[in-house]
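Please read the structure below before turning to the comments.
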Ligand code: AMP
Ligand code: GLY
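In the working numbering, the protein residues as written are 1 to 420.
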């Protein structure tokens with residue numbers, strides 16, 4: 001089989017590498033991939049917004065299955081478009097992708113189906129939004145409606161911060177804003193819950209906690225994710241049942257009412273308060289770096305799972321996992337998530353010798369004349385599986401120290417809640 005993977009991050013390198021273990025695969029194409037995927041796949045530099053060219057490439061090269069990694073092409077309707085040409089694609093359609101593409105769509109679904117989530121109001125102009133601030137408690141949460149790469153969320157401690165957030169959103173900092181959300185602040189601990197779906201059924205696909213803030217102690221600006229560990233320390237059978245019954249099943253019913261199934265990964269971002277789940281957000285894809293953290297634990301062949309999702313036979317498959325702890329630390333370019341330098345060589349990368357339970361997934365990297373350069377904010381992901389989070393972390397830290405990349409930084413406290 002020939003497989004195509006859309007995306008260029010650590011998540012896509014992890015999917016590529018884990019799929020590459022399957023002897024049913026003859027070739028993998030990555031659109032556009034990174035220096036890591038270039039070792040095991042063919043990277044194709046193509047404009048992902050140009051669906052016509054992408055489809056032509058897929059048909060001309062007889063690619064049997066496309067896996068979509070990031071949210072943007074999903075929200076833009078790539079799955080619907082390719083399926084019109086009978087191309088097999090793993091990922092949700094455009095209607096279902098609104099779960100991530102529009103926070104207001106998801107909040108309205110929560111309201112209609114009684115899904116536990118923070119109380120909220122939707123505002124279409126800055127005057128009404130600012131008036132609403134007069135009678136609320138702080139902190140409060142203000143969110144842009146549209147996709148903002150995880151950056152359109154403000155936790156505001158007072159009225160001045162809240163007014164600034166409202167102005168920035170309506171000034172178009174995250175693209176044209178017709179509305180914004182003001183939400184009740186939920187004080188709990190976050191957890192990411194993953195499921196994999198065909199149009200008939202779904203299965204659990206692991207839990208994780210990621211660390212989104214750039215500084216140690218979960219402080220500073222929000223990022224795409226600085227590291228993660230799996231499983232989440234919060235998960236238990238009772239909580240899992242509540243998440244499925246109170247959140248995921250009503251969501252699937254809601255989609256079905258508007259004529260849509262769900263196929264692909266679903267990432268349910270939760271706040272857990274006293275063992276009760278509250279939905280913070282949905283993402284219609286695997287998390288990054290949660291994907292890099294979870295996939296190495298998979299025992300069942302990933303290609304078999306994805307194929308079963310595309311033929312609605314997921315119910316026939318048992319998904320098995322290694323009973324290990326996994327921890328991932330992301331190496332970033334200095335300055336991320338704000339301004340950072342690009343095209344800096346990662347000199348020592350060949351010195352990293354990975355043992356069986358260690359992984360290094362590339363993200364913002366590029367290979368020129370056999371040398372590896374950084375081209376993004378998040379550059380490399382170091383992952384280790386072990387019997388304990390403590391051991392996993394030690395191995396990850398040893399590798400990061402061995403690499404000793406002068407332009408990089410990373411959080412040294414990933415997993416601190418699960419370790420001590
Ligand atoms: P989101 O993009 O919606 O996941 O929000 C980004 C981050 O903001 C989340 O991971 C939480 O840490 C935080 N957050 C979002 N909504 C809330 C809320 N209602 N209460 C507390 N924290 C929140
Ligand atoms: N790690 C957060 C995300 O993938 O959105």
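Beta carbons are placed, not taken as given, at the ideal position from N, Cα and C, and that holds for glycine.
Keep in mind that this is a model prediction, so the values were computed, not measured.
Taking DSSP as the reference, what is the three-state secondary structure of residue 397?
helix
Would the beta-carbon of residue 141 be found less than 7 Å away from any heavy atom of the ligand AMP?
yes
From residue 341 to residue 334, what distance separates their C-alpha atoms?
8 Å
Return the chain-ordered ranges of every beta strand (DSSP E) run that is complete within the region 13-97 and spans a minimum of 3 residues.
27-32 and 65-68
Sequence-distant residues of the same chain with beta carbon closer than 6 Å to residue 283, five excluded per side:
100 and 267
Short Cβ contact (8 Å threshold) for residue 67 with residue 306
yes
Return yes when the C-beta of residue 416 is under 7 Å from any heavy atom of the ligand AMP, and no when it is not.
no
Hey, residue 95 and residue 344: beta-carbon distance below 8 Å or not?
no
Could you check whether the Cβ of residue 274 sits closer than 7 Å to any heavy atom belonging to the ligand AMP?
no
Residue from 122, 38 and 235 with nearest C-alpha to residue 104
122
Three-way DSSP call (helix, strand, coil) for residue 109 in this model:
helix
Which two residues bound the contiguous beta strand (DSSP E) that contains residue 210?
202-210
CB residue 92 to CB residue 79, shorter than 8 Å?
yes
What number of angstroms, rounded off, separates the C-alpha of residue 380 from the C-alpha of residue 295?
16 Å
Extent of the continuous beta strand (DSSP E) to which residue 213 belongs
213-215
Can the beta-carbon of residue 361 be found closer than 8 Å to that of residue 383?
yes
Assuming residue 189 contacts residue 141 (C-beta within less than 8 Å), just tell me the rounded distance between them.
The pair is not a contact, with the Cβ atoms about 16 Å apart (cut-off 8 Å).
Kindly give me the distance between the Cβ atoms of residue 233 and residue 417, rounded to whole angstroms, as I take these residues to be in contact under 8 Å.
6 Å
Residues around the ligand GLY, please: the ones whose beta-carbon is closer than 5 Å to some heavy atom of it, in chain order.
210, 225, 287 and 288
With respect to the beta strand (DSSP E) encompassing residue 233, which residues constitute its N-terminal and C-terminal limits?
First-last for residue 233: undefined, no H or E at that position.
For the region 21-33 and the region 47-64, state whether three or more C-beta atom pairs, one from each stretch, are separated by less than 8 Å.
yes
Exposed unless 16 or more other CB atoms sit within 10 angstroms - verdict on residue 115
buried
Taking only the alpha-carbon atoms, compute the straight-line gap between residue 139 and residue 154 and give it to the nearest angstrom.
10 Å
Between residue 284 and the ligand AMP, is there a pair consisting of the residue's CB and a ligand heavy atom that are separated by less than 7 Å?
no
Is any heavy atom in the ligand AMP found nearer than 7 Å to the beta carbon of residue 203?
no
Reference residue 229; option with closest CA among 110, 261 and 419
419
Given 7 Å as the limit, tell me if residue 153 has its C-beta closer than that to any heavy atom belonging to the ligand AMP.
yes
In this structure, does DSSP put residue 165 in helix, strand or coil?
helix
Output the distance between the C-alpha atoms of residue 181 and residue 62, rounded to the nearest integer angstrom.
44 Å
Nearer than 7 Å: is that true of the beta carbon of residue 271 relative to any heavy atom of the ligand AMP?
yes
For residue 226, I'd like the list of residues in its chain whose CB is within less than 6 Å of its CB, leaving aside the five on either flank, ordered along the chain.
211, 330 and 411
Give a yes or no on whether the C-beta atoms belonging to residue 403 and residue 352 are separated by under 8 Å.
yes
Going by the beta-carbon positions, is the gap between residue 357 and residue 386 smaller than 8 Å?
yes
Closer than 7 Å: residue 280 CB and nearest the ligand AMP heavy atom
yes
Given a threshold of 16 other Cβ atoms within 10 Å of its Cβ, counted over all protein chains shown, does residue 172 qualify as buried or as exposed?
exposed
I'd like the list of long-range same chain contacts for residue 311, defined as Cβ closer than 8 Å, with 5 residues on each side in sequence excluded.
198
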